[in-house]
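Trainee: So in our numbering the end of the sequence shown lands on 474, straight run, no missing numbers.
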Amino acid sequence: MQAFFVPDDFRAFMRSVVNYLDTPGQELFLDAEDALDAECGYGGRIDGSKTYRFKYITGNGHHRWDIVLEEAQIREISDGLLIEVMGERFDIVRTHRRTPVGEPLLIWGEYADDSLRVRNEQELMGALDALHGISQERPRMLRVWSAADDQLVAALWGDHCALYVVESPDGYATSTGDQDRNDSFEMKDHEGHKLTVPWADCVSWDYARRALVRFIEHSDLGDIPVEGRIPSLLLMMGDIDRKAALAARPDAPVDLSQSSLGRSSVPAAVDVTEEVTQPVEGEKPLGPVELAKWARCLLDVLLARELIELGPAPNLDEIAYQLGGLLQAHAVDAEHSLDTADWLANEIGAVKGIRRLFATGGDLQVAIRRSRET
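(1) Do the CB positions of G449 and G411 come within less than 8 Å of each other?
(2) Take R469 and list the residues in its own chain whose beta-carbon comes closer than 7 Å to its own, dropping the five residues that flank it on each side.
(3) Using alpha carbons as the reference points, say which of D137, L464, R219, H162 lies closest to I439.
(4) Determine which residues share a DSSP beta bridge with E435 and list them.
(5) Rounding to the nearest angstrom, what Cα-Cα distance links F315 and R115 in this structure?
(6) For I408, which beta-bridge partners are listed by DSSP?
(7) Would H162 be called buried (16 or more neighbouring beta carbons within 10 Å of its own) or exposed?
(8) For F105, which option in Q126, A138, G148, I183 has the closest C-alpha, if you only look at C-alpha atoms?
(9) Consult DSSP for V370 and reduce its assignment to one of helix, strand or coil.
(10) Comparing C-alpha positions only, which one of S357, L457, D166 sits nearest to D214?
(11) State whether the stretch 329-339 contacts the stretch 203-210, with contact taken as three or more CB pairs (one from each stretch) at a distance under 8 Å.
(12) Find the nearest neighbour of W91 within the set H293, Y264, A300, Q236, judged by alpha-carbon distance.
(13) In angstroms, rounded to a whole number, what distance separates the CA positions of A352 and A247?
(14) Let me check understanding here. Comparing Cα to Cα, which of S304, R164, E171, F458 lies closest to A255?
(15) With L416 and I408 assumed to form a contact (beta carbons below 8 Å), what rounded beta-carbon distance in angstroms separates them?
(16) Less than 6 Å between C-beta atoms, sequence neighbours within five positions excluded: which residues of the same chain meet that for G322?
(17) Kindly indicate which three-state DSSP category M114 falls into: helix, strand or coil?
(18) Quick one: grab the DSSP three-state call for Q428.
(19) Taking A441 as the reference, which of A467, L391, V451, G424 has the closest Cα?
(20) Quick check on the burial criterion: 16 or more other C-beta atoms within 10 angstroms. Buried or exposed for E473?
(21) Any contact between the stretch 277-295 and the stretch 215-230? By contact I mean 3 or more CB pairs, one from each, below 8 Å.
(22) With a threshold of 8 Å on Cβ separation, who are the neighbours of E418 within its own chain once the five nearest residues in sequence on each side are excluded?
(23) If you check the beta carbons only, do G144 and I167 fall under 8 Å apart?
(24) What's the gap between the Cα of R217 and the Cα of S359?
(25) Do I324 and L263 have their C-beta atoms closer together than 8 Å?
(26) From E210 to G292, what distance separates their C-alpha atoms?
(27) Sort Q279, S437, D179, L426 by Cα distance to A392 and report the nearest one.
(28) Am I right that L136 and A227 are in contact with their C-beta atoms under 8 Å? What's the rounded C-beta distance?
(29) What residue from D147, K155, F113, D280 has the CA that sits closest to E176's CA?
(30) Mapping DSSP to helix, strand and coil, what is R329?
(31) Helix, strand or coil, according to DSSP, for T274 in the structure here?
(32) Quick check on L205: does DSSP put it in helix, strand or coil?
(33) How many Å lie between E317 and D249 at the Cα?
(34) Is DSSP giving P388 helix, strand or coil here?
(35) Taking P350 as the reference, give the member of P239, D283, A212, T276 with the closest Cα.
(36) Among N160, K155, E171, whose alpha-carbon lies nearest the alpha-carbon of D122?
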């Protein structure tokens, strides 16, 4: 343990914590590692009572401090009465590049097949192009680890992308784009936390695409201008290295065709042998048996992901019957529209026998697709 002399930005952080603690008539969220955050760090309550742990990142990005404080100490720091506490310091900037081991890793969702262990540049470029395509409708978050275990987060929306270096030999950094813009957009990370992305952090997709490939190979962004800062929400991602990420996804595919991007890609064009319009027979509607099977598969997917909670002694046949009707009427639209998927999630949550549905519209889109394939 070392003496931590309280800097101005950490004192301002503690003032915001005190203001939050003293807010009347509000249910406080405190018991999480990142329940409280600021530009300089994050933290939360660790004993359910009066003890908190904070992680503070120094302004130059070279060090991280772990600091345990009692609520009384937080208030004394806020008031300027306490200028020194004990903490543990860790180096962020490494003095040498780690030896590359294994394959780089790309992750774009919460499921095991929303990832790719990168073995060649062609597969990587194919994945990035596919993600660019599906980001036209809504923002997407990508996470990349190099073979040397450096980490980058990309916030992609259409033809714009913000790049956040979480860990590298040069410390963390943020890409810089048009600094005259002061607006932003919001997105969620893979655990549902909301991230505000300034448009001033964004560069063009072509520019970002080259930088992503370079980062995997060289652990830097090349000629993209950067600033030595990073959103506080992303600071905690540095605690998850590639080994931990792979442990949570032991079946991460090595072929793009086996990933969720490969299965959802646009089919290749078919050669037309005759330029004559022919009548096309539409897909026949599913019968009661097929709908019941589909509904049971959807329940299995949701239960396996712990996204649904059934009531006591549930009548699965009755639940499957009601779900089948909803799937027949709305599943196709829900797969292609997030608004419809959100609406359908509410309808499923109201089905008799279902106590609670935790799935978001996006979760439900994935579950519908996977249950259909099954």
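For each residue, glycine too, the CB sits at the ideal point set by N, CA and C.
As the structure is a computational prediction, the values presented were derived from the model and not from experiment.
Mentor: In brief:
(1) no
(2) E435
(3) Just to set this straight, residue 439 is Asp in the shown sequence, not Ile. That would be L464, whose Cα lies nearest to the Cα of D439.
(4) DSSP output for E435 lists no bridge partner at all.
(5) Computed Cα separation, rounded: 37 Å.
(6) L457
(7) exposed
(8) I183
(9) In this predicted model, V370 has a pLDDT of only 43, less than 50, meaning its place in the structure is not dependable; the value taken from the coordinates is given anyway. In this structure, V370 counts as coil in the three-state DSSP scheme.
(10) Cα-wise, what sits closest to D214 is S357.
(11) no
(12) The shown model of the chain, from 101 to 474, leaves out residue 91, and the question about it has no answer.
(13) 15 Å
(14) For A255, the nearest C-alpha among the options comes from S304.
(15) Not quite, the Cβ-Cβ distance comes to about 12 Å (not below 8 Å), so this is no contact.
(16) A311, R314
(17) helix
(18) Here Q428 sits in helix by DSSP.
(19) A467
(20) Under this definition E473 is an exposed residue.
(21) no
(22) Scanning its chain for C-beta atoms nearer than 8 Å, with the 5 sequence neighbours on each side dropped, one finds around E418 the residues K452, G453, in chain order.
(23) no
(24) So the two alpha carbons sit approximately 10 Å from each other.
(25) Judged by their CB atoms, I324 and L263 are nearer to each other than the 8 Å cut-off.
(26) 10 Å
(27) Taking each of Q279, S437, D179, L426 in turn and checking the Cα distance to A392, the smallest one comes out for L426.
(28) So it is not a contact: roughly 35 Å between Cβ atoms.
(29) F113
(30) coil
(31) strand
(32) strand
(33) 11 Å
(34) Helix, per DSSP.
(35) Nearest option by C-alpha distance: A212.
(36) Ranking N160, K155, E171 by Cα distance to D122 puts E171 first.
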